[in-house]
Amino acid sequence: MSLTKKILIALVFGVVVGIGFTFVPESIFSNIDTYVLTPVGQIFINLIMMIVVPIVFVSIVLGTAGLGEPAKLGKIGIQTISFFLVTTAIAICIGLALAFLIKPGAEGVFDIGNASYEANDAPPVMDTIINIIPDNPISSMAAGDMLQIIAFAIFIGTALAFLGEKTQGINRLFEQANEILMFLVTLIMKAAPYGAFALIASAIGGAGLDAVGSMGAYMGTVILGLFIHAIVIYSLAIWLVGKGNPINFYKGFFPAMSVAFSTSSSNATLPVSMRAAQENLGVSKEISSFVQPLGATINMDGTAIMQAVAAVFIAQVYAIDLDFTAIIMIILTATLASVGTAGVPGVGLIMLAMVLQQVGLPVEGIALIIGIDRLLDMLRTSLNITGDAACAYIISENEKRIQAKAK
Numbered sequence: 239m240s241l242t243k244k245i246l247i248a249l250v251f252g253v254v255v256g257i258g259f260t261f262v263p264e265s266i267f268s269n270i271d272t273y274v275l276t277p278v279g280q281i282f283i284n285l286i287m288m289i290v291v292p293i294v295f296v297s298i299v300l301g302t303a304g305l306g307e308p309a310k311l312g313k314i315g316i317q318t319i320s321f322f323l324v325t326t327a328i329a330i331c332i333g334l335a336l337a338f339l340i341k342p343g344a345e346g347v348f349d350i351g352n353a354s355y356e357a358n359d360a361p362p363v364m365d366t367i368i369n370i371i372p373d374n375p376i377s378s379m380a381a382g383d384m385l386q387i388i389a390f391a392i393f394i395g396t397a398l399a400f401l402g403e404k405t406q407g408i409n410r411l412f413e414q415a416n417e418i419l420m421f422l423v424t425l426i427m428k429a430a431p432y433g434a435f436a437l438i439a440s441a442i443g444g445a446g447l448d449a450v451g452s453m454g455a456y457m458g459t460v461i462l463g464l465f466i467h468a469i470v471i472y473s474l475a476i477w478l479v480g481k482g483n484p485i486n487f488y489k490g491f492f493p494a495m496s497v498a499f500s501t502s503s504s505n506a507t508l509p510v511s512m513r514a515a516q517e518n519l520g521v522s523k524e525i526s527s528f529v530q531p532l533g534a535t536i537n538m539d540g541t542a543i544m545q546a547v548a549a550v551f552i553a554q555v556y557a558i559d560l561d562f563t564a565i566i567m568i569i570l571t572a573t574l575a576s577v578g579t580a581g582v583p584g585v586g587l588i589m590l591a592m593v594l595q596q597v598g599l600p601v602e603g604i605a606l607i608i609g610i611d612r613l614l615d616m617l618r619t620s621l622n623i624t625g626d627a628a629c630a631y632i633i634s635e636n637e638k639r640i641q642a643k644a645k
């Protein structure tokens with residue numbers, strides 16, 4: 239049986255078992271979750287996170303060195319960031335449109351008397367830009383600061399490209415390191431079905447059917463937005479811009495999407511998504527190594543859809559009208575907030591707090607959606623990494639066509 243089928247079966251089985259746990263006493267589920275599900279799921283996540291920093295650093299060094307001239311690197315960088323910003327803005331517009339159409343936060347339905355939420359302060363945008371350049375790259379690697387790791391790797395890769403023959407041995411060392419890391423990814427993925435099952439069962443069992451039922455309209459609106467963005471926006475981009483077959487794309491990328499669904503972390507899924515893009519979709523290693531790690535840090539279309547729906551939902555619950563200026567501010571703030579935000583579970587709530595504060599909506603409203611956010615985090619992470627892969631695929635296919643014409 240292929241790994242894809244095993245993961246799919248594990249996901250379905252995990253959903254069934256998770257729903258089953260909602261009918262057993264809390265004490266029984268708590269013990270099973272504490273001593274079985276959480277350890278198995280956490281071990282799987284730790285296995286992947288163990289190689290995330292090395293694989294990001296090594297792959298971006300190789301990708302940058304492989305791209306060669308700074309002009310080509312700059313061109314691909316501009317294409318990548320442009321794709322991410324445009325699709326994020328579209329995602330927010332989809333979320334806003336659906337939220338105003340469906341009205342998931344009908345006034346008077348929710349009890350907001352006891353709602354409370356303490357928002358964590360997000361770093362100022364200028365600090366994020368300044369901190370892209372690390373003052374201590376080793377410390378950045380230890381802390382897992384992805385933007386700083388990416389910046390340092392780009393500098394190293396550029397140096398290797400300029401020095402050429404002089405650093406051939408170092409370049410070969412990075413290539414061998416990449417082979418080791420990809421081999422480790424293959425080994426770790428053998429544990430993916432077990433990790434996926436444990437994480438899904440724990441998330442659904444912990445959320446409970448009551449929370450899911452009371453937030454059905456909100457969940458349905460977000461999920462609809464995610465599917466529209468994937469099926470319409472990404473498919474059109476792959477078909478029209480990348481000249482590819484969207485069905486083949488999703489079929490080849492499904493293993494990575496399933497891991498993202500279970501881990502809820504773009505960073506944790508990165509080794510798997512890069513391998514799927516390179517081996518199943520034919521994305522060149524240089525472009526995959528540059529675009530996908532960058533996307534895991536700054537591209538969050540799924541999270542953007544959630545923010546848009548949640549902002550309108552909270553406004554509706556508190557009976558606050560959003561004027562045109564507020565809507566524009568939501569689009570701008572949510573788009574910019576995605577840059578420099580770590581691809582880890584739960585980060586969407588921090589970004590949402592920034593959006594709500596910007597447009598004057600009560601941050602306490604986040605308390606209403608915390609109960610089911612973990613479940614939605616799974617789906618939106620799958621969409622986030624799919625956008626990274628779609629961008630890498632489109633750029634790679636276009637570069638192949640340019641090279642073929644040059645010959």
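Our numbering numbers the first residue of the sequence shown as 239 and each following residue consecutively. Every residue, glycine too, gets a C-beta built ideally from N, C-alpha and C. Remember, it's a predicted structure, so these values are computed and weren't measured experimentally.
Query, Result
"Do three or more CB pairs link the region 504 to 517 to the region 587 to 596 at distances below 8 Å?", "no"
"If distances are taken between C-alpha atoms only, which option among L437, Q317 and T242 comes closest to V254?", "L437"
"Is the beta carbon of A510 less than 8 Å from the beta carbon of P493?", "Ala is not the amino acid found at residue 510; the sequence shown has Val there. For V510 and P493, yes; Cβs fall inside 8 Å."
"Roughly how many angstroms lie between the CA atoms of I387 and T276, to the nearest whole one?", "29 Å"
"I need the DSSP call for A357, collapsed to helix, strand or coil.", "For A357, the predicted model reports a pLDDT of 49, less than 50, meaning its position is unreliable and no value from the coordinates is stated."
"Leaving aside the five residues before and after D559 along the sequence, list all residues of the same chain whose C-beta is less than 8 Å from its C-beta, in chain order.", "A553"
"Under 8 Å by Cβ, that's how I've got F499 and T619 pegged, so tell me the actual separation to the nearest angstrom.", "7 Å"
"Please determine, among V555, V529 and I607, the residue with the shortest C-alpha to C-alpha distance to K313.", "V529"
"Can you tell me the Cα-Cα spacing of F646 and T302, whole angstroms?", "Summary: the structure shown does not reach residue 646, with the chain confined to residues 239 through 645, and so no result is reported for it."
"What alpha helix (DSSP H) runs, 4 residues minimum, are completely inside the region 251 to 334?", "264 to 270 and 276 to 305"
"CA-CA distance, Y472 and A628?", "7 Å"
"Please state the DSSP three-state secondary structure of G598.", "coil"
"Taking the Cβ atom as the reference point for each residue, do L508 and V555 lie within a distance shorter than 8 Å?", "no"
"In three-state DSSP terms, what is P509?", "helix"
"From the DSSP output, in three-state form, read off A557 for me.", "coil"
"Could you round the C-beta distance between I289 and G480 to whole angstroms and report it? I think they count as a contact, below 8 Å.", "Contact doesn't hold; Cβ gap of about 29 Å is too wide."
"Quick one: which unbroken alpha helix (DSSP H) runs of 4-plus residues sit fully inside the region 418 to 493? Chain order, please.", "430 to 452 and 454 to 466"
"Mind checking which residues open and close the alpha helix (DSSP H) that includes T405?", "Looking at the DSSP string, T405 is not in any alpha helix (DSSP H), and its letter there is neither H nor E."
"With DSSP as the reference, label V521 as helix, strand or coil.", "coil"
"Just checking my contact of L613 with A468 at CB under 8 Å: how many whole Å lie between their CB atoms?", "In fact, because the Cβ distance is near 17 Å, the residues do not count as touching under 8 Å."
"Go through its chain and collect everything with a Cβ distance to I543's Cβ below 8 Å, but skip five positions before and after it.", "A329, I330, I332, G333, V460, G463, L464, H467, R618 and L621"
"With 8 Å as the threshold, decide whether the Cβ of V497 is near any Cβ in chain B.", "Among the chains in the structure shown there is no chain B, since it carries only a single protein chain."
"With C-beta atoms as the reference, is I293 less than 8 Å away from L385?", "no"
"P375 by DSSP, collapsed to three states: which one?", "helix"
"Could you work out which residue in F551, A399 and Q641 is closest to P190 when comparing CA atoms only?", "For the chain, the structure presents residues 239 to 645; residue 190 sits outside this window and is missing."
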